[in-house]
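Engineer:
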Amino acid sequence: AYLNLFIFFMISLVVGNNLLVMFIGWEGVGLCSYLLIGFWHKNQDYNDAAKKAFIMNRIGDLGLLIGIFILGSLFSTLDFATLKTAIAGASNVDSFWLSIAALALFIGACGKSAQIPLYTWLPDAMAGPTPVSALIHAATMVTAGIFMVTRMHFLFDLTPEIQTIIAVVGGVTSLVAATIGLVQTDIKKVLAYSTVSQLGLMFLALGFGAYEVAIFHVITHAFFKACLFLG
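Mapping of the sequence shown onto this note's numbering: residues 919 to 1149, in sequence order.
(1) Quick one: complete alpha helix (DSSP H) runs, 4+ long, within the region 991-1033?
(2) In terms of DSSP beta bridges, what is N936 paired with?
(3) If distances are taken between C-alpha atoms only, which option among F924, I955, V933, V1067 comes closest to L982?
(4) In chain order, what residues of the same chain have a beta carbon less than 6 Å from the beta carbon of G1063, not counting five sequence neighbours either side?
(5) Smallest Cα separation from I1084: which of T1103, L1100, Q1033, R1069?
(6) Taking C-alpha atoms, which residue in I1098, E945, M928, V1114 lies nearest to I977?
(7) What did DSSP end up calling V1108 once you bin it into helix, strand or coil?
(8) So which of A999, F1074, D966 has the shortest CA-CA distance to F1121?
(9) In whole angstroms, what separates the C-alpha of A967 from that of V1094?
(10) Consult DSSP for A1151 and reduce its assignment to one of helix, strand or coil.
(11) Which one of F1141, V933, I942 has the shortest CA to CA distance from A1057?
(12) Do you know whose CA, among D979, F926, Y1037, L1076, lies nearest G1127's CA?
(13) Grouping DSSP H, G and I as helix and E and B as strand, with all else coil, what is A971?
(14) What's the C-alpha gap between Y1129 and K960?
(15) Nearest by alpha-carbon distance to F927: which of L937, V933, V947, Y920 is it?
(16) Around the C-beta of I1025, are 16 or more other C-beta atoms found within 10 angstroms, so that it is buried, or is it exposed?
(17) Could you have a look at K1143 and say whether DSSP puts it in helix, strand or coil?
(18) Whole angstroms is fine: what's the gap from T995's alpha carbon to V932's?
(19) Note the first and the last residue of the continuous alpha helix (DSSP H) segment covering G1099.
(20) Do you know offhand how far T1038's Cα is from I955's?
(21) Cutting at 7 Å between CB atoms, please list the residues of its own chain near P1047, excluding the five before and the five after it.
(22) Return the CA-CA distance between K1107 and H1055, expressed in angstroms with no decimal places.
(23) Can you give the beta carbon distance from L989 to V1011, rounded, assuming they're within the 8 Å contact cut?
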């Protein structure tokens, strides 16, 4: 039941045509990851891992909410298509606020997609059953941040300084996580750090404005990571 609820929220996140529906799906997958990571609830360590994932995601979600509020107050719409035309046609909008909104959205992506410094919850998320790990790492749970930045590409294209931050954070995360993964003894933790590293590479692509490359890697990563976990 939890897995199906998870898939429902993932689909809501991806098919919503505005930031609000996306946010509902975003919170939904956070809730489902909490329920699934702490699935064996008699084990206190697993409960702690679930709480850690939930709380670190809330930190990122605060950033996401602030970004949504700023965009909503600037353009009085949350619809993606309307926002795109509004941002493209707005000559009088303060670029400072656009940058703040982009940064806030990226902080949300950092929480969900396990970038430095909010990456430590993902290796602990290995407490859940293995099919759950395969789903969390393959589908639109940890890659929701990449999806969101790509969906809002028209905003990030106008804020090159935030794109630079995204590229730097992604590159550093990729390197650090891959290095940590080298010394792990639990095979699922190795795969988890591998995921953090791959997500870093996706953010590196986003930072360079290569959105199609990032999405291509989201899809390829989904297949090989799910097969690795289930293997």
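Note that beta-carbon positions come from the ideal geometry of N, C-alpha and C, so glycine has one too.
Structural biologist: So, from the listed chains and residues:
(1) The alpha helix (DSSP H) runs of length 4 or more contained entirely in the region 991-1033 are, from start to end of the chain, 998-1007, 1013-1030.
(2) BP columns for N936 point to D997.
(3) Measuring from the Cα of L982, the nearest candidate turns out to be V1067.
(4) Answer for G1063: A1027, K1030, S1031, listed in chain order.
(5) Ranking the options by Cα distance to I1084, first place goes to Q1033.
(6) It is E945.
(7) Helix at V1108.
(8) Ranking the options by Cα distance to F1121, first place goes to F1074.
(9) Rounded to whole angstroms, A967 to V1094 spans 21 Å at the Cα level.
(10) Lying before the first or after the last residue shown, residue 1151 is absent from the chain, which here runs from 919 to 1149.
(11) The candidate whose alpha carbon is nearest that of A1057 is F1141.
(12) The option with the nearest alpha carbon to G1127 is L1076.
(13) Looking at A971 - three-state DSSP - the assignment turns out to be helix.
(14) Y1129 and K960: Cα-Cα distance of roughly 43 Å.
(15) Considering only alpha carbons, the answer is V947.
(16) Result: buried.
(17) Collapsing the DSSP output to three states places K1143 in a helix.
(18) Between T995 and V932, the C-alpha separation is close to 19 Å.
(19) Element bounds for G1099: 1078-1099.
(20) Their backbone Cα atoms lie some 14 Å apart in a straight line.
(21) Apart from the 5 residues on each side of it in sequence, P1047 sits with its Cβ closer than 7 Å to the Cβ of F957 in its chain, given in chain order.
(22) Computed Cα separation, rounded: 12 Å.
(23) About 10 Å separates the CB atoms of L989 and V1011; that is not less than 8 Å, and the two are not in contact.
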